[in-house]
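Asks: Structure in structure tokens, see below.
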Amino acid sequence: MTRRETSAMGPKIWPLAIWLSFLCTVRALAETACPLTGTRQSPVNIVPKDAHPIRNSVLMKYKVWNTSQLFVEQSKDHGTGTIRFAGPEGGGSLQVGESFSDMDEYVLRRLRVAMPSEHTLLNRRFPIEVQLWHEPAIHRDISMLISDRAEVQQMLRRFQQLTLDWQGELKKLEDPSQNESFPDLQTEQDWAESVRQHSVKDGRFLMEHVRELQQRISEIDVKVELLNERLHRPESARVVALSLFYWTPHNVASPGASDFLRWLTQATKVELPKPVENQSKPEVAEKLRKQVQHLQELVKEMQRNQSNTSGWHNERHLRGTEEKIQAPRDFNFEDSIQRKDTLTAFGYKGSFTRPPCTPVVRWFVVSEPQAATAKDLLSLASNLLQSDHSTQCQQAEGLEVCGMGIQPSDGVWWRGPIKETPQSNPVFPSKPMSTTSLGFGSFHKPKETHLSSELVSQLPWPYIQACCAVLLLCSVAMLGTTCSMWSHQCCDQ
């Protein structure tokens, strides 16, 4: 291409380049935040006095979490970390509703830590917001039905094989002298009796297998009926997010909240290497040399401890060390919640706070912020933010806070009166909220107080026959009484 052709194409290329840069800018803005308009926008500003109570309850039934069953997702957002639970059961279940017959169930799938908080309270952010994300239990139920279907198919194949074997034994019993020879008639009768007893035993075992198969099929029918009911409930297809705020008030800290933050620090700890281009080769070599030297010192120290301790003391020391190592791996979320009185949560209908911003989220924000120690909170902050030491620090009621976006001047309420903390930007809109009771456990199925088809299907067959016989006798007695009264009336006339 000549210089003249290039200069001629210049005016045509510049508008295209400007248009492409504009599209890239719009796309970058769209990927960082969701619009704060609409009927189901998130996050929002929480105003406690505007919330109205409702009868619904939120019940949590979480399992004991173990870090071996989790994996950390790499997040592109600064100051966030995500932990995902493995397996169809996830981290437990959550139920929202009024009773067992009127509730929606969800499965805990991931924990998301945001620093600072995404939601605001009176236009102030909290240092940390932990979000527990739940997906509809329909996915779990479908996975369980697929597993049950595979087990039932295996039982059917076994039943078919048992039936074929039993039929072969019955054919032998019909004509015992066809393939066998006996010295006398008594031996043949004894052999036939033995085969008959064995066949009867196999027949009973086959009937037990049939009853077990019928029970599994009835259980699948119940699960299918429950799944069908959930499909007819619009809210059961939503996503539920439960948020908790954490801060550091003066001389007040909950041991459970601090333990939870330490567990999160351990679970989200990811060693991110610094960029190599910003370091010279001697600095990298010196860093590796120091790491190797530190590991060698640790090995020597372990060897000295092992040689200087006696057998029983060494065993006790190792047991104690193992308990210290295993303790942070298991965590019970129920022990971490600070509960003075009845727990409540602010609920509203919102959306995802990150693209694609789909408005399908039922948000519940615990009304009482959880108090933790400053050390544990700042440790988790340094792990999430990965900030350098060049960031200027600020004082928050005697607490030194370092890190971009989490300082008091950014509208983050660490401690002290809320009025002394400036409002955060951007200012989120406030919307009507509801106050919901929050607890642990699950809705229990009430006992059957009336005769239903499900209850009748669970009754033993002799009991049903007895009930039918009583009903027949009562019907005959009533019919006889009616005929007797009618005959007396005819005779009197």
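Heads up: the sequence shown runs through residues -30 to -1, 1 to 463, numbered per mature numbering (1 follows the signal peptide of the UniProt record, and there is no 0).
C-beta atoms are modelled at their ideal positions from N, C-alpha and C, and glycine is treated no differently.
Taking the alpha helix (DSSP H) that proline 432 belongs to, which residues open and close that run?
Replies: Residues 431 to 462.
Asks: Between asparagine 221 and leucine 313, what straight-line distance do the alpha-carbon atoms span, to the nearest angstrom?
Replies: For asparagine 221 and leucine 313, the distance between alpha carbons rounds to 22 Å.
Asks: At what residues does the beta strand (DSSP E) containing glutamine 236 begin and finish?
Replies: Where glutamine 236 is concerned, there is no enclosing beta strand (DSSP E), although the alpha helix (DSSP H) it sits in stretches over 225 to 237.
Asks: Looking at the structure shown, is arginine 54 part of a helix, part of a strand, or coil, going by DSSP?
Replies: Note: arginine 54 maps to strand in three-state DSSP.
Asks: Quick one: grab the DSSP three-state call for histidine 179.
Replies: Helix at histidine 179.
Asks: So is the beta-carbon of glycine 411 under 6 Å away from any non-hydrogen atom of the ligand ZN?
Replies: This structure does not include the ligand ZN; it has no bound ligands of any sort.
Asks: What number of angstroms, rounded off, separates the C-alpha of glutamine 459 from the C-alpha of cysteine 453?
Replies: Straight-line Cα distance between these residues: approximately 10 Å.
Asks: DSSP beta-bridge partners for arginine 82?
Replies: BP columns for arginine 82 point to Thr52 and Gln101.
Asks: Assuming contact is defined by CB atoms lying nearer than 7 Å, are phenylalanine 334 and asparagine 15 in contact in what I supplied?
Replies: Contact: no.
Asks: Under the rule that 16 or more other beta-carbon atoms within 10 Å means buried, what is alanine 344, buried or exposed?
Replies: Counting Cβ neighbours within 10 Å, alanine 344 comes out buried, since at least 16 surround it.
Asks: Given a threshold of 16 other Cβ atoms within 10 Å of its Cβ, counted over all protein chains shown, does tryptophan 456 qualify as buried or as exposed?
Replies: Its Cβ having fewer than 16 others within 10 Å, tryptophan 456 is exposed.
Asks: For lysine 31, which beta-bridge partners are listed by DSSP?
Replies: DSSP, once it has assigned bridges, lists Ser63 as partnering lysine 31.
Asks: Below 8 Å, how does it come out for the region 393 to 410 and the region 55 to 63: are there three or more Cβ pairs, yes or no?
Replies: No, the region 393 to 410 is not in contact with the region 55 to 63.
Asks: Measure the CB-CB distance between tryptophan 103 and alanine 211 and report whether it falls below 7 Å.
Replies: Yes, the pair counts as a contact, with Cβ atoms nearer than the cut-off.
Asks: Can you give the beta carbon distance from glutamine 42 to isoleucine 53, rounded, assuming they're within the 8 Å contact cut?
Replies: The residue you asked about is not glutamine; residue 42 is valine in the sequence shown. Correct: roughly 6 Å between the Cβ atoms.
Asks: Within its chain, find whatever has a CB closer than 6 Å to the CB of glycine 281; leave out the 5 residues flanking it on each side and keep chain order.
Replies: Residue placement at glycine 281 cannot be trusted, given a pLDDT of 46 that sits under 50; the coordinates are not used to answer.
Asks: Using CA coordinates, which residue listed in Val331, Glu88, Asp380 and Ser38 is at the minimum distance from threonine 9?
Replies: Of Val331, Glu88, Asp380 and Ser38, the residue nearest in Cα terms is Val331.
Asks: Should serine 12 go down as buried or exposed, given a rule of 16 or more other Cβ atoms within 10 Å for buried?
Replies: Its Cβ being crowded by 16 or more others within 10 Å, serine 12 is buried.
Asks: Would tyrosine 433 be called buried (16 or more neighbouring beta carbons within 10 Å of its own) or exposed?
Replies: Exposed is the call here.
Asks: Look at the alpha carbon of glutamate 247 and the alpha carbon of valine 100, and state the distance between them as a whole number of angstroms.
Replies: Bear in mind that the predicted position of glutamate 247 carries a pLDDT of just 42, short of 50, making it too unreliable to give a figure here.
Asks: Determine whether the beta carbon atoms of glutamine 393 and asparagine 198 lie at a separation below 7 Å.
Replies: No, the pair does not count as a contact, with Cβ atoms beyond the cut-off.
Asks: Do proline 86 and leucine 347 come within 7 Å of each other at the CB atom, strictly closer than that value?
Replies: Contact: no.
Asks: Please state if the CB of leucine 29 and the CB of serine 412 are separated by a distance shorter than 7 Å.
Replies: In contact: serine 412 and leucine 29 (Cβ atoms closer than 7 Å).
Asks: Provide the residue(s) that pair with glutamate 163 in DSSP beta bridges, ordered along the chain.
Replies: The partner list for glutamate 163 (beta bridge, DSSP) is empty, contrary to what the question assumes.
Asks: On the DSSP bridge assignment, give the partners of glycine 409 in chain order.
Replies: Answer by DSSP bridge pairing, in chain order: Leu29.
Asks: Taking serine 400 and valine 17 to be in contact with their CB atoms under 8 Å, please state how far apart those CB atoms are, rounded to whole angstroms.
Replies: Serine 400 to valine 17, Cβ: 5 Å. Contact.
Asks: Using DSSP with H/G/I as helix, E/B as strand and the rest coil, what is glutamate 205?
Replies: The answer is helix: DSSP assigns glutamate 205 an H, G or I state.
Asks: Give a yes or no on whether the C-beta atoms belonging to phenylalanine 215 and glutamate 304 are separated by under 7 Å.
Replies: Contact: no.
Asks: Is it buried or exposed, glutamate 88, if we count other Cβ atoms within 10 angstroms and call 16 or more buried?
Replies: Per the 10 Å Cβ criterion, buried.
Asks: If we ignore side chains and look at the alpha-carbon of each, how far apart do threonine 218 and arginine 203 end up?
Replies: Roughly 41 Å between the two C-alpha positions.
Asks: Got a sec? Which residues, its chain only, sit under 7 Å from leucine 231 by beta carbon, not counting five neighbours each side?
Replies: Result list for leucine 231: Tyr216, Ala342, Asp346, Leu347 and Leu350, in chain order.
Asks: Have a look at Ile187, Ala436 and Ala107 and flag the residue whose alpha-carbon is nearest the alpha-carbon of glutamine 124.
Replies: Considering only alpha carbons, the answer is Ile187.
Asks: Quick one: what does DSSP say phenylalanine -9 is sitting in, helix, strand or coil?
Replies: Here the model assigns phenylalanine -9 a pLDDT of 44, short of 50, so the residue's position is not dependable and the matter cannot be decided.
Asks: In terms of alpha-carbon separation, which member of Leu234, Asp118, Val209 and Pro329 lies closest to leucine 40?
Replies: Checked all of Leu234, Asp118, Val209 and Pro329; the closest Cα to leucine 40 is Leu234.
Asks: I'd like the span of the alpha helix (DSSP H) that includes alanine 344, first residue to last.
Replies: Unbroken alpha helix (DSSP H) run through alanine 344: 344 to 355.
Asks: Quick one: grab the DSSP three-state call for threonine 36.
Replies: The residue you asked about is not threonine; residue 36 is asparagine in the sequence shown. Strand at asparagine 36.
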